[in-house]
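One structure is given here, and the rest of the page talks about it.
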Ligand SMILES: [Zn+2]
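Residue numbers (the working numbering): 7 to 321.
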């Protein structure tokens, strides 16, 4: 069943429509748990769209195993997706800064309020992001410290490599996930892959995780498959940020999720005109890269990567 969740008339004779698909077992309809898979809040992040497709495909293949409601929202920001824009193009606005919205407010506020109303009450929500076009992320779940106790057990079921518990910040209060979590609907933020691309390997990994989570919640029968147990970071000091000290072209030497020793070269920043190496980017710690620069052009200060310090992996 496909349903329009929110609708806004645009000045140019267009309609912004946000749709969802509901998959549920035939017959039994009482007291079913509900999982909501949400993606495309940022229009340039497409990894989650593959997850939506693949999850639905595998559910339908074994529909008799389904014992709950699966709501799939593949395109929260359809205008952004159509125009390869991160925000909502007509409003020049980051959609992940408009929640919880207001039913009586302007167009985007009422849009946000309608989305909140539709998703609220789910037993669990996954809000799938794909970094941006500059950085690639290993499949990970990010959790606000305020919701740590409730969300970490759910995150552990999702077959991701890493769970990053971060500090509360006022900037994040207008996000979809914050708004849901603060009103009693548990929402996990997944970050994986890179903007404007599909990394099928990561998508398939997360789909396995969603099935495992559904199994744990009693929404899916099917046989239990082993899942990864993620490294969990609780402490801001666990993560080390690498920033460029010169502008130029970044040429990486290492791969994602590779263990790196202190002093090892992660890559070089070069100048294609003079042929000079402007910076040898060396790892300041023993660790593992969970974020790495994808888009080669960097300015001074640009993020090159994020390392998880080795101590925490063996702790
Ligand atoms: Zn995003």
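Glycine included, every Cβ here is placed at the ideal spot set by N, Cα and C.
Please read these numbers as outputs of a predicted model, since none were measured by experiment.
For the segment 61-107, the continuous beta strand (DSSP E) assignments of 3+ residues that do not extend past its boundaries occur at 75-79, in sequence order. The bridge partners DSSP lists for residue 273 are 258, 287. DSSP places residue 49 in the coil class of the three-state scheme, outside both helix and strand. Excluding residues up to 5 positions away in sequence, 53, 136, 205, 208 lie with their Cβ nearer than 6 Å to the Cβ of residue 199 in the same chain. Proximity of the segment 83-98 to the segment 38-57 meets the contact definition, three or more beta-carbon pairs being nearer than 8 Å.
Distances between the C-beta of residue 238 and the heavy atoms of ligand 1 are all 7 Å or more. Per DSSP, residue 213 is one residue of the alpha helix (DSSP H) stretching across 206-222.
Relative to the non-hydrogen atoms of ligand 1, the Cβ of residue 135 comes within a distance shorter than 7 Å of at least one.
Assigned with DSSP and collapsed to three states, residue 40 falls in strand. Taking a cut-off of 8 Å for Cβ pairs, the segment 105-122 and the segment 9-21 touch, as three or more such pairs fall below it.
The continuous alpha helix (DSSP H) containing residue 114 extends over residues 113-125.
Across the structure, residue 244 and residue 168 are spaced so that their CA atoms are roughly 12 Å apart. With respect to residue 177, residue 133 sits apart: the two C-beta atoms are not nearer than 8 Å. Secondary structure at residue 198: strand, using DSSP grouped into helix, strand and coil. Judged by their CB atoms, residue 164 and residue 216 are nearer to each other than the 8 Å cut-off. A Cβ-Cβ separation of about 21 Å leaves residue 181 out of contact with residue 247 under the 8 Å criterion.
Boundaries of the alpha helix (DSSP H) harbouring residue 160: 154-161, taken from the DSSP string.
For residue 55, the three-state secondary structure derived from DSSP is helix. In the three-state reduction of the DSSP assignment, residue 177 falls in the helix class, which pools H, G and I. The C-beta distance from residue 75 to residue 27 rounds to 11 Å, too long to meet the 8 Å contact threshold. Relative to ligand 1, the beta carbon of residue 51 is positioned inside 7 Å of a heavy atom. By the criterion of a C-beta distance shorter than 6 Å, residue 193 is surrounded in its chain by 131, 133, 183, 186, 187, once the five residues flanking it on both sides are discounted.
The three-state secondary structure of residue 133, taken from DSSP, is strand.
Less than 8 Å divides the Cβ of residue 304 from the Cβ of residue 254. According to DSSP, residue 265 shares a beta bridge with 294.
Residue side-chain check: residue 48 places its Cβ nearer than 7 Å to a non-hydrogen atom of ligand 1. For residue 12, the uninterrupted beta strand (DSSP E) segment begins and ends at 8-15.
Secondary structure at residue 187: helix, using DSSP grouped into helix, strand and coil. When DSSP states are grouped into helix, strand and coil, residue 29 belongs to the strand group. Secondary structure note for residue 306: it is in no beta strand (DSSP E), with a DSSP letter that is neither H nor E.
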